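Novice: Handing you a structure now.
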Amino acid sequence: MIPNNFQYHRAASVDDALTLMAKHGMDAKLLAGGHSLLPAMKLRLNQPDVLIDIGHLKELRYIKKEGNELVIGAGATHDDIAHSQMARETFSMLSEAADLIGDVQVRNKGTLGGSLAHADPAADWPAVMIAAHANIEVKGPQGTRTVAADDFFTGFFSTALADNEIITAIRIPEPPKGTNSSYQKFMQPASRFAIVGCAASITMNGRLCSKVSVAFTGLSDAAFRASNIEAALFEKMPTEENITAAVQKAGEGVMAMSDHFASEEYRLHLARVFAKRALMAAAK
Ligand SMILES: Cc1cc2nc3c(=O)[nH]c(=O)nc-3n(C[C@H](O)[C@H](O)[C@H](O)COP(=O)(O)OP(=O)(O)OC[C@H]3O[C@@H](n4cnc5c(N)ncnc54)[C@H](O)[C@@H]3O)c2cc1C
Numbered sequence: 002m003i004p005n006n007f008q009y010h011r012a013a014s015v016d017d018a019l020t021l022m023a024k025h026g027m028d029a030k031l032l033a034g035g036h037s038l039l040p041a042m043k044l045r046l047n048q049p050d051v052l053i054d055i056g057h058l059k060e061l062r063y064i065k066k067e068g069n070e071l072v073i074g075a076g077a078t079h080d081d082i083a084h085s086q087m088a089r090e091t092f093s094m095l096s097e098a099a100d101l102i103g104d105v106q107v108r109n110k111g112t113l114g115g116s117l118a119h120a121d122p123a124a125d126w127p128a129v130m131i132a133a134h135a136n137i138e139v140k141g142p143q144g145t146r147t148v149a150a151d152d153f154f155t156g157f158f159s160t161a162l163a164d165n166e167i168i169t170a171i172r173i174p175e176p177p178k179g180t181n182s183s184y185q186k187f188m189q190p191a192s193r194f195a196i197v198g199c200a201a202s203i204t205m206n207g208r209l210c211s212k213v214s215v216a217f218t219g220l221s222d223a224a225f226r227a228s229n230i231e232a233a234l235f236e237k238m239p240t241e242e243n244i245t246a247a248v249q250k251a252g253e254g255v256m257a258m259s260d261h262f263a264s265e266e267y268r269l270h271l272a273r274v275f276a277k278r279a280l281m282a283a284a285k
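Put into structure tokens, the structure is as follows:
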């Protein structure tokens, strides 16, 4: 449980971190809250020679409104989000998900940016960000670019982030009036990671759903949007009957994971159960 030797650099700013990344290349890793990277280093699953610490950078730690977007700095901790009134008012699933992550220590140190970059298939934020139609802002030597959350998670622990880029912010468009959301998960009892988690948001126009967003985590090798469930509820009333029928499509066309926590069949069952809970809560 002791990591390999490594050099430690405390970056003075995002730009300084980019310079250090350019200097050390593939030997370096960013360190934010350390709650995914350090356990992986202790298990020698990850053995960087250089750590570039960005965990203390104030320029990355904020939650604010900019025009019609909620903007969350990559360095905002899970706890910052759990306690942000602005986040709760934009999408209640943001605070619900934050509250369900790990324990107090994990929530106090772990960051949104770190969780998205790590892309653990059982992490909560990826599903929430897909359901929220978030855009992930990343900075590299060539400047800043934005990647839609839908395109960001490319597979098992892999993302669209290049090795020389830093996630700087997450931009969440203000949902239309009449939108309500929920995040529900079946958690591993010790770590509280999602065995299956579902983020759902519904916008009502009169008695019908004018917009439905549903995303899963834990079910497959990466979080993904359940377009089939969204389509099944579009312009329908969000009744229990309609929601029950729609969630039967959970996992259709998806290679569900099977491991010592849950079999493929059990995960697919959980996906239906937790999608129904999330949609019923969002429909209230
Ligand atoms: C006991 C325990 C329980 C947990 N339970 C849960 C849970 O219930 N749900 C859940 O979702 N997660 C859980 N986690 C994971 C936790 O949320 C981590 O904090 C999170 O996944 C990583 O964030 P971090 O800031 O700690 O990143 P770090 O561990 O510092 O970094 C993780 C990876 O991201 C990279 N990175 C970090 N910041 C950036 C950035 N801004 N730009 C680009 N790359 C970056 C690092 O180089 C590294 O590769 C748990 C962790 C522990 C130890």
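Mapped onto my numbering, the consecutive letters of the sequence shown carry residue numbers 2 to 285. Glycine residues also receive a C-beta, built at the ideal position from the N, C-alpha and C atoms. Computed from a predicted model, the values in this text were never measured in an experiment.
Please state if the CB of Gln-185 and the CB of Phe-275 are separated by a distance shorter than 7 Å.
Specialist: By one-based count along the sequence shown, residue 275 stands at place 274. By one-based count along the sequence shown, residue 185 stands at place 184. Yes, Cβ-Cβ distance for Phe-275 and Gln-185 is below 7 Å.
Novice: Nearest to Ile-167 by alpha carbon, out of Asn-243, Ile-64, Gln-48 and Gly-144?
Specialist: Residue 167 sits at position 166 when you count from the first residue of the sequence shown. If we check each option's Cα against that of Ile-167, Gly-144 comes out closest.
Novice: In chain order, what residues of the same chain have a beta carbon less than 6 Å from the beta carbon of Ala-284, not counting five sequence neighbours either side?
Specialist: Within the sequence shown, numbered from 1, the residue matching residue 284 stands at position 283. Only Ile-203 and Pro-239 meet the Cβ criterion.
Novice: Please report how far the alpha carbon of Ala-132 lies from the alpha carbon of Ser-182, in whole angstroms.
Specialist: Here the question's residue 132 lines up with position 131 in the sequence shown. Here the question's residue 182 lines up with position 181 in the sequence shown. For Ala-132 and Ser-182, the distance between alpha carbons rounds to 9 Å.
Novice: Indicate whether Met-2 and Lys-65 have their beta-carbon atoms separated by less than 7 Å.
Specialist: Position 1 of the sequence shown, counted from the start, is the residue given in the question as residue 2. Position 64 of the sequence shown, counted from the start, is the residue given in the question as residue 65. Against a cut-off of 7 Å, the Cβ pair of Lys-65 and Met-2 comes out as no contact.
Novice: Please state if the CB of Ile-230 and the CB of Ala-247 are separated by a distance shorter than 7 Å.
Specialist: Here residue 247 is taken as the residue at index 246 of the sequence shown, counted from 1. Here residue 230 is taken as the residue at index 229 of the sequence shown, counted from 1. Their beta carbons are under 7 Å apart, which means Ala-247 touches Ile-230 by this criterion.
Novice: Using CA coordinates, which residue listed in Lys-237, Gly-207 and Ile-196 is at the minimum distance from Asp-260?
Specialist: Here the question's residue 260 lines up with position 259 in the sequence shown. Asp-260 has its Cα closest to that of Ile-196, out of Lys-237, Gly-207 and Ile-196.
Novice: Taking DSSP's pairing of strands, which residues face Leu-209 in a bridge?
Specialist: Against the sequence shown, residue 209 aligns to sequence position 208. BP columns for Leu-209 point to Asn-206.
Novice: In the structure shown, what three-state DSSP assignment does His-270 receive?
Specialist: Locating residue 270 in the sequence shown gives position 269, counting from the first residue. It is helical.
Novice: May I ask you to report which of helix, strand or coil DSSP gives Met-22?
Specialist: Counted from its first residue, the sequence shown places residue 22 at position 21. Residue state, collapsed to three classes: helix.
Novice: Please classify Ser-221 as buried or exposed, where buried requires at least 16 other C-beta atoms within 10 Å of its C-beta.
Specialist: Along the sequence shown, one-based indexing puts residue 221 at 220. Buried, because 16 or more other Cβ atoms sit within 10 Å of the Cβ of Ser-221.
Novice: According to DSSP, simplified to helix, strand and coil, what is His-134?
Specialist: The residue labelled residue 134 in the question sits at position 133 within the sequence shown. In the structure shown, His-134 sits in coil (DSSP, three-state: anything other than H, G, I, E or B).
Novice: For Ala-75, tell me which candidate among Ala-135, Asp-152 and Gly-26 has the shortest Cα-Cα distance.
Specialist: As a working note, residue 75 is residue 74 in the sequence shown. Of the listed residues, the one whose Cα sits closest to Ala-75 is Ala-135.
Novice: Could you check which residue in Phe-7, Ala-128 and Ala-33 has the C-alpha nearest to that of Gly-198?
Specialist: Residue 198 sits at position 197 when you count from the first residue of the sequence shown. That would be Ala-128, whose Cα lies nearest to the Cα of Gly-198.
Novice: Residues in its own chain within less than 7 Å of Asp-100 by CB, not counting five upstream and five downstream?
Specialist: Here residue 100 refers to the residue found at position 99 of the sequence shown. Taken in chain order, the residues that qualify are Ala-83.
Novice: Which of the three DSSP states, helix, strand or coil, is assigned to Thr-160?
Specialist: Translated into the one-based positions of the sequence shown, residue 160 becomes position 159. DSSP places Thr-160 in strand when its eight states are reduced to three.
Novice: Taking 6 Å as the cut-off, is the beta-carbon of Leu-19 closer than that to any non-hydrogen atom of ligand 1?
Specialist: The residue given as residue 19 occupies position 18 in the sequence shown. For ligand 1, not one heavy atom lies less than 6 Å from the Cβ of Leu-19.
Novice: Using only alpha-carbon positions, find the residue among Gly-56, Ala-227, Ala-191 and Phe-187 that is nearest to Ala-201.
Specialist: Here the question's residue 201 lines up with position 200 in the sequence shown. Closest by alpha carbon: Ala-227.
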